[in-house]
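Undergrad: Quick one: the structure is below, and I'll ask about it shortly.
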Amino acid sequence: MFDRLDQLTTELEACFASMEVECFDAARAARLVSSGERVRRLGDAIRTIGVGQVERTNGWKGQGAKSVAEWLSIETDCAHYEAQSVVVLANQLHHLPVTEAALRSGELSGTQAVEVARGAIVAPNTETQLLNLARHATVRDLRDATSRVVAAATDESERHRQVHKSRYFKSWTDLDGSFNVRGRMTSANGALVMAALKPIQDEIFKAARKSGEHERPEAYAADALMVLCEKASAKHSSESGKKTTRPNAVINIRIDIDALKRGHTEHGEVCEIAGVGPIPVATATEYLGEAFLKLLIVDGVDIKTVAHMGRHIPAPLRTAVEERDRVCQVPTCDVTLGLEIDHIKPFAEGGPASLENLVRLCKRHHLQKTHDGYRLEKIEVATGTDRRWAWRSPPNLRDTG
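In UniProt numbering, the protein residues as written are 1 to 401.
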């Protein structure tokens, strides 16, 4: 068996080594990427399933490693946190044969398998649902769905306590001299961090755009963090006597009215920070007054009835659209920063500012829809709450969305 596997691996290596990739046209280059993805998925599956058996047989012991994750990190030259994730997935798959089969067949990527297993291991009845979602949803959508499954299947206070207990903030310096950080904390605390950074990041972005500079959003976020640190360490925060024009931090929390009244969520209910994840109801109520809190109560005023025939979008409606469309709504696009609200039926054609006629798009797709003839087409789905879109290119133009 291993002779055959080694032979196939050698043949694949030789095949790729002989390819003159620089001579490929666009179609063949894209096909190469697709083939590479199939190989990568197979490699991920082999590594994951294999390390599970290594752990069960104690094959990692006696080789100088403190754990199977450390052994895997050494054996495969991967980061320790990646090795830990693979080991956790391997253990979960041992109890989820359907998900394991999907990983083995290449239907799931390693990233997708992590999310499906994370939900299915605590709520086995959701395994099929999550597998079906993985077939057509983005990784971000799948991750959000899994987080809701986990939140519904576990005690919110205990989950919050465990995440808080596992919090950390690590820093290190790379060989090139760069300072690096990595951390973990509760969704609620993470939302406070992002809410504090966002208005500063927006100011930096606007100033850069005005001066003709263009950098990645992550770069501006790093600059915003530095501004916060400089402000905290300054002996006199207002030596110049100037008043800041930065708005207060804003956190959008979505919560079912019954959960708010009861003090905790039950099956099917939500209490979450938009774009971050589920939080305990108690934490949501604690934040009242901590930051300017926009509270969208699901069973309160029906936001669908709020419509406006002008171009201006009322604040409650804007909040609802921002909470619903947390990422660019073009399929496969995972952009979350700098999203712009667009009228599906253009305002110039009488399209109202209503929840059904508004959608959030990234800047690139917004420009394509507005100026290049691209359009969003709604796809009917079984559930009444989900919205699915198809991105249609203009006639005689290849779809680049």
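In this text, a Cβ means the ideal position worked out from N, Cα and C, and glycines have one as well.
Would you mind giving the Cβ-Cβ distance between Gly-110 and Asp-44, rounded to the nearest angstrom? I have them listed as a contact below 8 angstroms.
TA: On the sequence shown, position 110 is the one that residue 110 refers to. On the sequence shown, position 44 is the one that residue 44 refers to. Gly-110 to Asp-44, Cβ: 4 angstroms. Contact.
Undergrad: Using the Cβ count rule (16 or more neighbours within 10 Å means buried), how would you classify Ala-390?
TA: In the sequence shown, residue 390 corresponds to position 390, counting from 1. So Ala-390 ends up on the exposed side.
Undergrad: Exposed or buried, which one is Leu-5 when buried takes at least 16 other CB atoms within 10 Å?
TA: Position 5 of the sequence shown, counted from the first residue, corresponds to residue 5. It counts as exposed.
Undergrad: The alpha helix (DSSP H) spanning Lys-363 covers which residue range?
TA: Translated into positions along the sequence shown, residue 363 becomes position 363. That run of the alpha helix (DSSP H) goes 363 to 371.
Undergrad: Curious, which full-length beta strand (DSSP E) runs of at least 3 residues does the UniProt domain "HNH nuclease" (316 to 367) contain?
TA: List check, beta strand (DSSP E) in window: 340 to 343 and 358 to 361.
Undergrad: Compare the C-alpha of Ile-121 against each of Ser-178, Ala-153, Leu-103 and Leu-72 and name the closest.
TA: Taking the first residue of the sequence shown as 1, we reach residue 121 at position 121. For Ile-121, the nearest C-alpha among the options comes from Ala-153.
Undergrad: Starting from Gly-183, follow its DSSP beta bridges and name the residues at the other end.
TA: One-based indexing of the sequence shown puts residue 183 at position 183. In DSSP, Gly-183 forms a bridge with Phe-169.
Undergrad: Skipping 5 residues on each side, what residues in its chain have a beta carbon closer than 7 angstroms to that of Leu-42?
TA: Counted from its first residue, the sequence shown places residue 42 at position 42. Excluding positions up to five away in sequence, the list reads Gly-106.
Undergrad: Taking 7 angstroms as the cut-off, decide whether the C-beta atoms of Ala-123 and Val-86 are in contact.
TA: Mapped onto the sequence shown, residue 123 falls at position 123. Mapped onto the sequence shown, residue 86 falls at position 86. No.
Undergrad: Using the Cα positions of Cys-15 and Ala-320, report the straight-line distance between them to the nearest angstrom.
TA: As a first step, residue 15 is located in the sequence shown; it is residue number 15 there, counting from the start. As a first step, residue 320 is located in the sequence shown; it is residue number 320 there, counting from the start. Their backbone Cα atoms lie some 53 angstroms apart in a straight line.
Undergrad: Name, in chain order, the residues that DSSP records as bridge partners for Gly-277.
TA: Counting from 1 along the sequence shown, the entry for residue 277 is found at position 277. For Gly-277, which the question treats as bridged, DSSP gives the partners Ile-273.
Undergrad: Would you tell me roughly how many angstroms separate the C-alpha atoms of Glu-100 and Trp-71, rounded to the nearest one?
TA: Mapped onto the sequence shown, residue 100 falls at position 100. Mapped onto the sequence shown, residue 71 falls at position 71. C-alpha separation (whole angstroms): 22 angstroms.
Undergrad: Check the DSSP bridge columns for Trp-389 and list the partner residues they point to.
TA: In the sequence shown, counting from the first residue as 1, residue 389 sits at position 389. The partner list for Trp-389 (beta bridge, DSSP) reads Lys-378.
Undergrad: Measure the alpha-carbon distance for Asp-219 versus Arg-184 and round it to whole angstroms.
TA: Stepping through the sequence shown from its first residue, residue 219 is reached at position 219. Stepping through the sequence shown from its first residue, residue 184 is reached at position 184. Rather than Asp, the amino acid found at residue 219 in this sequence is Ala. Near 20 angstroms, if we compare the C-alpha coordinates of Arg-184 and Ala-219.
Undergrad: Inspect the beta-carbon positions of Cys-271 and Ala-282 and report whether they are closer than 7 angstroms.
TA: Within the sequence shown, numbered from 1, the residue matching residue 271 stands at position 271. Within the sequence shown, numbered from 1, the residue matching residue 282 stands at position 282. No, these two residues do not count as a Cβ contact at 7 angstroms.
Undergrad: When you compare only the Cα positions, how much space is there between Glu-20 and Thr-9?
TA: Numbered from 1 along the sequence shown, position 20 holds the residue referred to as residue 20. Numbered from 1 along the sequence shown, position 9 holds the residue referred to as residue 9. Whole-angstrom Cα-Cα distance: 19 angstroms.
Undergrad: Here's the rule I'm using: 16 or more other beta-carbon atoms within 10 Å means buried, otherwise exposed. How should Gln-201 be labelled?
TA: For this step, residue 201 is matched to residue 201 along the sequence shown. Buried is the call here.
Undergrad: Pull up the CB-CB distance for Ile-344 and Val-359, whole angstroms please, since I reckon it's below 8 angstroms.
TA: Mapped onto the sequence shown, residue 344 falls at position 344. Mapped onto the sequence shown, residue 359 falls at position 359. Rounded, the Cβ-Cβ distance is 6 angstroms, consistent with contact.
Undergrad: Do Leu-142 and Ala-117 come within 7 angstroms of each other at the CB atom, strictly closer than that value?
TA: Position 117 of the sequence shown holds residue 117. Position 142 of the sequence shown holds residue 142. No, they are not a contact pair.
Undergrad: Of the choices Val-139, Ala-188, Phe-179 and Leu-228, whose alpha-carbon is the least far from that of Leu-197?
TA: Counting from one through the sequence shown, the residue named residue 197 turns up at place 197. Of Val-139, Ala-188, Phe-179 and Leu-228, the residue nearest in Cα terms is Leu-228.
Undergrad: I'd like to know if the region 47 to 61 and the region 22 to 34 are in contact, where contact means that at least 3 CB-CB pairs between them fall below 8 angstroms.
TA: With the cut-off at 8 angstroms, the region 47 to 61 and the region 22 to 34 do not touch.
Undergrad: Our contact map puts Leu-361 next to Leu-339 with C-beta atoms below 8 angstroms; I'd like the distance itself, whole angstroms only.
TA: Within the sequence shown, residue 361 is the residue found at index 361, counting from 1. Within the sequence shown, residue 339 is the residue found at index 339, counting from 1. Going by Cβ atoms, the distance from Leu-361 to Leu-339 rounds to 7 angstroms, so yes, they are a contact pair.
Undergrad: From the DSSP output, in three-state form, read off Arg-254 for me.
TA: Position 254 of the sequence shown, counted from the start, is the residue given in the question as residue 254. Looking at Arg-254 - three-state DSSP - the assignment turns out to be strand.
Undergrad: How is Ser-157 classed by DSSP in three states: helix, strand or coil?
TA: As a working mapping, residue 157 is identified with position 157 in the sequence shown. If DSSP states are grouped into helix, strand and coil, Ser-157 belongs with the helices.
Undergrad: Let me check understanding here. Comparing Cα to Cα, which of His-366, Ala-274 and Thr-48 lies closest to Ala-195?
TA: Translated into the one-based positions of the sequence shown, residue 195 becomes position 195. Ala-195 has its Cα closest to that of Ala-274, out of His-366, Ala-274 and Thr-48.
Undergrad: Between the C-alpha atoms of Leu-131 and Leu-93, what's the straight-line distance to the nearest angstrom?
TA: On the sequence shown, position 131 is the one that residue 131 refers to. On the sequence shown, position 93 is the one that residue 93 refers to. Answer to the nearest angstrom: the Cα atoms are 13 angstroms apart.
Undergrad: Could you say which of Gly-350, Ser-393, Gly-351 and Arg-388 lies nearest to His-371 if we only look at CA atoms?
TA: Numbered from 1 along the sequence shown, position 371 holds the residue referred to as residue 371. For the residues Gly-350, Ser-393, Gly-351 and Arg-388, the minimum Cα distance to His-371 belongs to Ser-393.
Undergrad: Rank Arg-31, Ile-313 and Glu-127 by C-alpha distance to the C-alpha of Gly-351 and give the top, closest one.
TA: Position 351 of the sequence shown, counted from the first residue, corresponds to residue 351. Nearest C-alpha to Gly-351: Ile-313.
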